[in-house]
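The structure appears below as structure tokens.
Protein chains in written order, with our numbering: chain A, 74 to 561; chain B, 321 to 555.
Shown next, in the form of structure tokens:
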């Protein structure tokens, strides 16, 4: 793998172009490009400009507070942090297994989260680029533009997300930042009325999710030259899989495939993650760079998220999504698909899988049972790993004799993709921007590449009170009267 | 015929010795409080029961009712005062409702909603108050203390243990544990003590349950603190 373009030589004489902030992603980041006099790209970096302090300030807090506190990392996928923390802390209350009710309600919550987050990303954040083109007028390139030009697509996107949010509300108590998962189980079951409320719409969600897969596939296949090549780079693929190799986004063991599709590490127990993954710090970003320890930083980095998961598993255990997975695999013609824009197609396959899982769980009478909690001999340490919408999410805690957290380590989905996103940025910069007059549309190519990964930059690191904000006061004729900027 | 005073224009009967707050609550009128408890003498420290009686601002819990008084309580002026007091209580401690297990059951939070407190208004003090997790059954999170002294009074007057005390003066006032080490584990405090069940905020917490009660079933999810307190008065 190449780290070319990460750091330019003789940086002083180069022209700096910044995309700040990167738009239509969650959280705040910026891209900097250094160009020479001829406009050739000499350096391209995705910077994460926020600082996260959660690992530190969670220390000294009681362990049972953690699943609720740490989910505040994020407003988009708090359920992932909520569940990863609860999973990590189950052994602390001695719950080495969960009751069927607790496990199924947590799964329902998680797949609701996958559904709403994937719908948000595809329809609200990415579809403007994909439907209108990367250099389309910026005034149109947003969800309002999609609603005007493709009202049914936008409507389905909004309602898919709404359904996912309702699943979360019913299982966690609130659409955002609920309290459903507690160490050892869950704090509520479903009532029959709640189950029926979700059942009323569940089949429609499967149908719409299937339509979304077909839309993403059509877009991809309609311009293979663009979709297969844009920002292309090859890397390992990393994710959880179930013991039998099935896709499982809630639990399983860790698996790594190489860029050619060969399984090179398999059945790694979650508790052993530290033996395999280390993180490198680079001075120019608050986000670390994880890699497989025995492969080293140059060869051991990898992709996570839908593109990795759909190809890392042996099959998807729901019928409609499995059919779509097979079509996706066939597209690679015997090789793994590494194209960043294929993330969208893979993401929609996962959304369909999530809709199918939700539908099948709703038939399960365990959801209505009061057998919600397990406990046993208390432990002092736990690792919880979950496949969040954006990829593998690792929470690791140690708890003292006094029940206070003494150690916390989080490796967040987007962090795993740090090197991959930087690589995509460099590929696009080299291919589309090098030597050309930069326009907004050209710079949007960089953002399109980043967006494909659906990064959650606020999860990967965390702002402490600094939001990038620019306020401009315009006169009646449109000229700038005043401008205030802070943060960022 | 019993004596009476007017509360916001409504006649409220009272008996000699009853405070304005006691008489009002008994008659079905809500005057807010945090430090007042029906089983203890009036304390008058939180000041949320502030009313205007005979033209003067007084604590309703500590002021005996008087025949013929005209008392203003549920007025924009008095409620504005209460909102200001609540804002001061919030900035004096470290109250992070989003991750507090007392959320939904906390009287301070419920009053914040009741009096439409939308901002903290004042500069936060961010006091440094380490938690005490030494006791096997109970955690003390001093960050949330509002100095109502209910635990001090319950431990001293009912439990007979005097486990808690306030120390320091003025802005440096804080709750301490009455042990040479300052640790709860080094007292005879028990999770069954009244003091372990009387905190109106999230200082004295029983270890373990945490967020066991789901959102929607917590005390103030279903009814406002106003109606909850009046219901308690009836029962």
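In this text, a Cβ means the ideal position worked out from N, Cα and C, and glycines have one as well.
This structure is a prediction, so every number in the text was calculated from the model and none was measured.
Asked	Found
Count the other CB atoms, across all protein chains shown, that sit within 10 Å of the CB of residue 370 (chain B); report buried if there are 16 or more and exposed otherwise.	buried
Could you please give me the residues that DSSP links to residue 494 (chain B) through a beta bridge?	B:487
Output the distance between the C-alpha atoms of residue 378 (chain B) and residue 463 (chain A), rounded to the nearest integer angstrom.	58 Å
Count the CB pairs spanning the segment 359 to 378 of chain A and the segment 479 to 490 of chain A that are closer than 8 Å, and state whether there are at least three.	yes
Got a sec? Which residues, its chain only, sit under 6 Å from residue 520 (chain B) by beta carbon, not counting five neighbours each side?	354, 427
Counting C-beta neighbours from all protein chains within 10 Å, is the total for residue 545 (chain A) 16 or more, i.e. buried, or is it exposed?	Note that residue 545 (chain A) scores 49 on pLDDT, short of 50, meaning its location in the model is unreliable and no value can be drawn from it.
Beta-carbon separation of residue 208 (chain A) and residue 514 (chain A) under 8 Å?	yes
Run through DSSP, which three-state label would residue 113 (chain A) get?	coil
By the DSSP assignment, the alpha helix (DSSP H) with residue 238 (chain A) in it spans what residues?	224 to 245
Residue 539 (chain A): buried (16+ other C-beta within 10 angstroms of its C-beta) or exposed?	With a pLDDT of 34 at residue 539 (chain A), under the threshold of 50, the predicted position of this residue should be treated as unreliable, and no value is reported.
On a Cα-Cα basis, can you pick out the residue from B:365, B:333, B:461, B:327 that is closest to residue 375 (chain B)?	B:327
Would you say residue 119 (chain A) and residue 90 (chain A) are within 8 Å of each other, going by their C-beta atoms?	no
Leaving out five residues on either side along the sequence, give the residues of the same chain with a beta carbon under 8 Å from the beta carbon of residue 537 (chain B).	none
Residues of chain B with CB under 8 Å from residue 267 (chain A), in chain order?	Within 8 Å Cβ-Cβ: nothing; residue 267 (chain A) doesn't reach chain B, min ~11 Å.
Let me know the secondary structure DSSP gives residue 324 (chain B) once reduced to three states.	strand
Counting only beta-carbon separations shorter than 8 Å, does residue 145 (chain A) have a partner in chain B?	yes
Which of the three DSSP states, helix, strand or coil, is assigned to residue 531 (chain B)?	coil
From the DSSP output, which residues share a beta bridge with residue 461 (chain A)?	A:464
Smallest Cα separation from residue 381 (chain A): which of A:321, A:283, A:348?	A:321
Using the rule of at least 16 other Cβ atoms within 10 Å of the residue's Cβ for burial, across every protein chain shown, is residue 526 (chain B) buried or exposed?	exposed
Between the C-alpha atoms of residue 323 (chain A) and residue 260 (chain A), what's the straight-line distance to the nearest angstrom?	18 Å
Measuring only between beta-carbons, confirm whether residue 341 (chain B) sits less than 8 Å from chain A.	no
Do residue 368 (chain B) and residue 431 (chain B) have their CB atoms nearer than 8 Å?	yes
Please list, in chain order, all residues of the same chain as residue 402 (chain B) whose beta carbon is under 7 Å from its beta carbon, the five residues on each side excluded.	352, 368, 370, 435
Ignoring anything shorter than 4 residues or poking outside the segment 377 to 424 of chain A, list the alpha helix (DSSP H) runs there in chain order.	379 to 385, 392 to 404
Is there contact here, the segment 211 to 219 of chain A with the segment 495 to 512 of chain B, by at least three beta-carbon pairs under 8 Å?	no
From the DSSP output, in three-state form, read off residue 290 (chain A) for me.	helix
How big is the Cα-Cα spacing for residue 359 (chain B) and residue 447 (chain A)?	38 Å
Hey, does residue 475 (chain A) have any beta-carbon neighbour from chain B nearer than 8 Å?	yes
If you draw a straight line from the alpha carbon of residue 537 (chain A) to that of residue 142 (chain A), how long is it in whole angstroms?	Legend: pLDDT at residue 537 (chain A) = 34, less than 50; position of this residue unreliable, value from coordinates given subsequently. Computed Cα separation, rounded: 15 Å.
Taking its Cβ as the centre, do 16 or more other Cβ atoms sit within 10 Å of residue 291 (chain A), making it buried, or is it exposed?	exposed
Any beta-carbon of chain A closer than 8 Å to the one on residue 418 (chain B)?	yes
Residues of the segment 454 to 487 of chain B with a CB closer than 7 Å to any CB of chain D: list them in chain order, please.	Although the question refers to chain D, the structure presented lacks it and instead comprises the protein chains A and B.
How many Å lie between residue 446 (chain B) and residue 413 (chain B) at the Cα?	6 Å
Against chain A, does residue 373 (chain B) count as a neighbour if the rule is that its beta carbon must be under 8 Å from one of theirs?	no
Buried or exposed for residue 357 (chain A), going by 16 or more other Cβ atoms inside 10 Å?	exposed
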